[in-house]
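Following: one structure in structure tokens, then a few remarks.
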Amino acid sequence: MSIGQKIYQAIERLSVAPRQPEEFRRSLTESLVTAGADSALADHLAAVAEDALTSQRANDHHLGMVELIAAHPEFGNLMLRDFAATAALHKYMSFYLELASIQPAYAVNH
């Protein structure tokens with residue numbers, strides 16, 4: 001499974017079990033560390049993401065994660081401290097955006 005898919009799956013866990021955000025945090029931290037990120041920084045990124053995603057009103061956690069990566073000041077600053085974390089989160093965004101563009105086409109054709 002690619003790093004983009006692993007991060008996608010971590011966010012899916014949060015969507016399915018919003019009352020158990022620690023599973024999301026653990027899974028995101030492990031995914032980032034596996035990609036080569038510093039473990040303390042990966043955990044800090046996961047904590048910021050957990051807090052932001054669980055407090056948002058909308059239930060689209062993937063869109064929320066994209067917003068975090070693109071526009072959240074603390075998350076962005078943390079992410080840019082570690083090349084591996086930045087690369088992993090970029091791969092997640094690429095995976096998510098590709099998947100999001102495929103789904104409407106699939107629905108129209110089936």
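Counting along the sequence shown from 1, when you hit position 17 you're at 17 in full-length UniProt numbering, and nothing is skipped either side. Heads up, the beta-carbon is just placed ideally off N, CA and C, and yes, glycines get one too.
CB of residue i within 8 Å of CB of residue j, strictly
{"i": "Ile3", "j": "Ala37", "result": "no"}
{"i": "Ala42", "j": "Val48", "result": "no"}
{"i": "Tyr96", "j": "His62", "result": "yes"}
Residue from the options with nearest C-alpha to residue i
{"i": "Ser31", "options": "Arg57, Gln20 and Tyr92", "result": "Tyr92"}
{"i": "Thr54", "options": "Asp82, Leu99, His90 and Arg19", "result": "Arg19"}
Anticipated Cβ contact below 8 Å, residue i with residue j, distance rounded
{"i": "Thr29", "j": "Ala46", "result": "4 Å"}
{"i": "Ile7", "j": "Ala84", "result": "Going by Cβ atoms, the distance from Ile7 to Ala84 rounds to 13 Å, so no, they are not a contact pair."}
{"i": "His44", "j": "Leu68", "result": "Their Cβ separation, rounded to whole angstroms, is 13 Å, which puts His44 and Leu68 out of contact at 8 Å."}
Q.
Quick test of the definition: if touching needs 3 or more C-beta pairs under 8 Å, does the stretch 21-29 touch the stretch 71-78?
A. no
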